[in-house]
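Enquirer: Take this structure, written in structure tokens, and hold onto it; I'll ask about it next.
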Amino acid sequence: MENKYTHARTCVYNINYHIVWCVKYRRKVLTPTISSRLQELTHAIAADKGFTVVKCKVGDNDHVHCFVSAPPKLSVTQIVKYLKGISGNTLLKEYPEIRNHLWKGQLWNGSYFCETIGSTSEENIMRYIERPKYCQL
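In UniProt numbering, the protein residues as written are 1 to 137.
What follows is the structure, encoded as structure tokens:
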């Protein structure tokens, strides 16, 4: 069985996020070529900023799903800022034709969806916390 935990200098962690963001106005501008480049960019950004993009996939040519594993020192807000900011600027420079479908030159919508992904269910954690044997107040 593969070890799902990352051992850092001062902690052991397993922090994963499912992050989704959309193209501004849900324009279907993420062609297969652009999608492929976006996947390369997300992996490069993650490597540079200290987290991992486990999987990145474009859906319906207008939104992106990323499965991200990150250390506790990085907030999900920082991760999204890196992924959307750097990828958006790079794609608009490399594929200027995208601007023809957008106003004000922004590729991504200002919002995003995020959920945490864990290996233990919420019910198991609640049961564990409720057990009186582990309460040390």
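Think of the CB as a built atom: it goes at the ideal place given N, C-alpha and C, for glycine as much as any other residue.
How far does the beta strand (DSSP E) with Asn-89 in it reach, from first residue to last?
Expert: Within the sequence shown, numbered from 1, the residue matching residue 89 stands at position 89. Careful: Asn-89 lies outside any beta strand (DSSP E), inside the alpha helix (DSSP H) at 76–94.
Enquirer: By Cβ distance below 8 Å, which residues in the same chain neighbour Thr-6 in space, the five residues on each side in sequence not counted?
Expert: One-based indexing of the sequence shown puts residue 6 at position 6. So the list reads Val-12, Tyr-13, Asn-14, Ser-69 and Pro-71, once near-sequence residues are dropped.
Enquirer: Taking Cβ positions, are Leu-91 and Arg-27 nearer each other than 8 Å?
Expert: For this step, residue 91 is matched to residue 91 along the sequence shown. For this step, residue 27 is matched to residue 27 along the sequence shown. Contact flag unset, no.
Enquirer: With three or more C-beta pairs closer than 8 Å as the rule, is the segment 77–90 touching the segment 99–118?
Expert: In short, these stretches touch, since the Cβ pair count reaches three.
Enquirer: Indicate the three-state DSSP secondary structure (helix, strand or coil) for Ile-117 in the structure shown.
Expert: Residue mapping note: residue 117 aligns to position 117 of the sequence shown, counting from 1. Note: Ile-117 maps to strand in three-state DSSP.
Enquirer: Mind checking Phe-113: buried by the 16 CB within 10 Å criterion, or exposed?
Expert: In the sequence shown, the residue the question calls residue 113 occupies position 113. Exposed, since its Cβ has fewer than 16 Cβ neighbours within 10 Å.
Enquirer: Do you know offhand how far His-63's Cα is from Leu-30's?
Expert: Translated into positions along the sequence shown, residue 63 becomes position 63. Translated into positions along the sequence shown, residue 30 becomes position 30. Answer to the nearest angstrom: the Cα atoms are 8 Å apart.
Enquirer: Excluding five sequence neighbours on each side, which residues of the same chain lie with their C-beta closer than 6 Å to the C-beta of Ser-35?
Expert: Within the sequence shown, residue 35 is the residue found at index 35, counting from 1. Correct list, in chain order: Val-58.
Enquirer: Taking Met-115 as the reference, which of Ala-44, Val-80 and Tyr-128 has the closest Cα?
Expert: Here residue 115 corresponds to residue number 115 of the sequence shown, with the count starting at 1. Checking the sequence shown, residue 115 turns out to be Glu, not Met. Measuring from the Cα of Glu-115, the nearest candidate turns out to be Val-80.
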